[in-house]
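First the structure, in the form of C-alpha cells, and then the observations on it.
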Amino acid sequence: MVMPQEPDVPADLAGTFKDLPDINVVRHAGRLLALAESSCPFRMSPELDTLGPETFDGALPAGITAHPKVDPRTGEMVVFCYGLEPPFLTWSVLGPAGEVRRGPTPVDTVDEPMMIHDMALTARFVVLVLAPAFFDIDAAMAGTGSFVAWRPERGTRILLVPRDGGPVRQAADDAYWMWHTVNAYDADEGQEGGAPGQGGDVVLDYVQWDHLAMGPATGGPNPGGLVRAVISPEAGSMRRTRLDDAAIELPRIDDRLIGRRHRRLAAASGTGARDLLPGEHDALRWYDLQRGGSELWAAGDLAVGEPVFAPTPGGADGEGHWLTLATDRTDGTSWFLVLPADEPESGPVARVRIPVRVPLGLHGTWLPTEEPAPG
Ligand SMILES: [Fe+2]
Numbered sequence: 000m001v002m003p004q005e006p007d008v009p010a011d012l013a014g015t016f017k018d019l020p021d022i023n024v025v026r027h028a029g030r031l032l033a034l035a036e037s038s039c040p041f042r043m044s045p046e047l048d049t050l051g052p053e054t055f056d057g058a059l060p061a062g063i064t065a066h067p068k069v070d071p072r073t074g075e076m077v078v079f080c081y082g083l084e085p086p087f088l089t090w091s092v093l094g095p096a097g098e099v100r101r102g103p104t105p106v107d108t109v110d111e112p113m114m115i116h117d118m119a120l121t122a123r124f125v126v127l128v129l130a131p132a133f134f135d136i137d138a139a140m141a142g143t144g145s146f147v148a149w150r151p152e153r154g155t156r157i158l159l160v161p162r163d164g165g166p167v168r169q170a171a172d173d174a175y176w177m178w179h180t181v182n183a184y185d186a187d188e189g190q191e192g193g194a195p196g197q198g199g200d201v202v203l204d205y206v207q208w209d210h211l212a213m214g215p216a217t218g219g220p221n222p223g224g225l226v227r228a229v230i231s232p233e234a235g236s237m238r239r240t241r242l243d244d245a246a247i248e249l250p251r252i253d254d255r256l257i258g259r260r261h262r263r264l265a266a267a268s269g270t271g272a273r274d275l276l277p278g279e280h281d282a283l284r285w286y287d288l289q290r291g292g293s294e295l296w297a298a299g300d301l302a303v304g305e306p307v308f309a310p311t312p313g314g315a316d317g318e319g320h321w322l323t324l325a326t327d328r329t330d331g332t333s334w335f336l337v338l339p340a341d342e343p344e345s346g347p348v349a350r351v352r353i354p355v356r357v358p359l360g361l362h363g364t365w366l367p368t369e370e371p372a373p374g
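Just so you know, numbering that gives the first Met the number 0 puts 318 at position 319 of the sequence shown, and the rest follows in order with no gaps.
Structure (C-alpha cells):
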C-alpha cells in the first residue's frame, strides 16, 4: 500500500492559515493595500509587487476590514475589525498622512463574535449593520452546525459609532442580511441651512438580502435589492424603504462622495436569464435617486463584476466613466470594459482583453496617478 505523500510544507507554515488578501484594494496616504476580511492587509508597490503585511506600525496587529472607507473631506481612513475573541468588534482611524489617530477601540455593545463585511461613513458616524450572523466555533468543531450561524430571531441592528468617540447609538429591527453598503450621509447635509455633520437622521443605502446564504445558494430565491434605512440617533429607531425590486449586488458610487449625499449609483444586476451560475451577473444597472428609475445594460454572454467610477479629471459632477471586469461565459476570457457615465446603458466604448483570467465577485478601485487630496 502506498501512503499519500505529505506536501512539502515549511515547518514555520505548518498549521497556519494562508493569507488571502484578494477581496479589495485601497490606496491611502501613499499606501497601496490588498485587503482581506478582518486580517492584515498586504502592502504593494505602485508596480503591484508584494511588500508584506501592513500592521500600521504595529498599532493594528489584528488587521482591518476589506471595506475601509476614506473620508474625502478629511482624508481619514476609518476601519473596523471583528474577531472571534474579545473585543469582538473594534474601530480605528488613520489620519490623512497615514498616522494612527485612533487605535483599535472596542465597540462595547457587541459582546459576541459576529460577521460584518462592510461599513459606511457619515461626517458624524461610523455606520455598522449587525445582522445575526454569529460565529459558532463550538458547533463547527463538533460537527453539529455551521461556523457562521444565522439566527434571525436575534434581529438586525444598525450601530452608529460617533467619530468623536461619544457613546454608541443603535437601532434594532427585524433580521436581514447585508453584504455591501452603497453609502451613508447625515440627512441634514445639503439641506437649506444644513452643514456637514450638523445633526438629524442618518441615511444609509445598501443592498439587503432576506437572510445570509453563503456558497451556491446565494443566487437562489434571496435576491439582494436596494434599500434605504433612515436612522434616528436620538430616538434609536429606523425606518426602511425598498427603493427598487431589481436584484443587484456590488453597488458603488463616485468615491469622492463617500459620506456625502449621493445621487447616482451603479451595481451588478441581471436580465433574468436562466443560465447564470449562482452569483453571476449579466447586466449592469444605474440608479439616479433624484430623478428616479434605473438604466440597464445587458451584457449578453459576459458575466460582469463590480462597476467602479472613474471621474474625468477636472470634470463636472457625474462626468466620467464606469469601469468593470467581465468574463466571457462562452470561452472564459476576461475583459476590462469602459462605459460612458452620461449614457452607460449604451454599453462599453472600449473593451480590453485581459491576458489572464480575473475571477469575478471581488472589488476594485480606480487609482489615478495622483492620489486625490482631501477637500
Ligand atoms: Fe465585499
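Cβ coordinates follow ideal geometry from the N, Cα and C atoms, glycine included.
Nearest residue (CA-CA) to residue i, options the options
| i | options | result |
| --- | --- | --- |
| residue 18 | 207, 29 and 37 | 37 |
| residue 39 | 363, 182, 79 and 283 | 79 |
| residue 95 | 76, 112 and 113 | 76 |
| residue 328 | 283, 87, 302 and 134 | 302 |
| residue 211 | 81, 318 and 155 | 155 |
| residue 161 | 233, 293, 278 and 66 | 233 |
| residue 202 | 349, 119 and 254 | 119 |
| residue 57 | 48, 98 and 65 | 98 |
| residue 359 | 296, 149, 22 and 372 | 22 |
DSSP-derived helix/strand/coil call for residue i
| i | result |
| --- | --- |
| residue 0 | For residue 0, the predicted model reports a pLDDT of 41, less than 50, meaning its position is unreliable; a value from the coordinates is still stated below. Of the three classes helix, strand and coil, the one that applies to residue 0 here is coil, per DSSP. |
| residue 217 | Low per-residue confidence applies at residue 217: pLDDT is 45, beneath 50, and the placement is therefore not dependable, though the value from the model is reported in the following sentence. Reduced to three states, the DSSP call for residue 217 is helix. |
| residue 153 | helix |
| residue 245 | coil |
| residue 318 | coil |
| residue 349 | strand |
| residue 114 | coil |
| residue 252 | coil |
| residue 343 | helix |
| residue 170 | strand |
| residue 17 | coil |
| residue 66 | coil |
| residue 226 | strand |
| residue 41 | strand |
| residue 338 | strand |
| residue 235 | coil |
For residue i: DSSP bridge partner residues
| i | result |
| --- | --- |
| residue 177 | 207 |
| residue 326 | 302 and 333 |
| residue 357 | Residue 357 is not bridged to any residue. |
| residue 26 | 31 |
Mind the definition here: the segment 138–147 touches the segment 198–208 only if three or more C-beta pairs lie below 8 Å; say whether that holds. Contact between the segment 138–147 and the segment 198–208 is absent: fewer than three C-beta pairs spanning the two stretches fall below 8 Å.
Determine contact between the segment 167–182 and the segment 258–267, defined as no fewer than three beta-carbon pairs at a distance below 8 Å. With a cut-off of 8 Å, the segment 258–267 and the segment 167–182 count as touching, because enough Cβ pairs lie within range.
Contiguous beta strand (DSSP E) assignments of at least 3 residues, all confined to the segment 250–307: Taking only runs of at least 3 residues, the beta strand (DSSP E) segments lying wholly in the segment 250–307 are 263–268, 282–287, 293–297 and 301–303.
Hey, which unbroken runs of the beta strand (DSSP E) at 3 residues or more fall wholly within the segment 70–149? Complete beta strand (DSSP E) runs here, min 3: 76–81, 88–93, 99–105, 124–129, 132–134 and 147–149.
Could you check whether the segment 305–325 touches the segment 355–373, counting it as contact only if at least three pairs of C-beta atoms, one from each stretch, sit closer than 8 Å? With the cut-off at 8 Å, the segment 305–325 and the segment 355–373 touch.
State whether the segment 254–261 contacts the segment 323–337, with contact taken as three or more CB pairs (one from each stretch) at a distance under 8 Å. Three or more beta-carbon pairs separated by less than 8 Å are not found between the segment 254–261 and the segment 323–337, which leaves the two stretches without contact.
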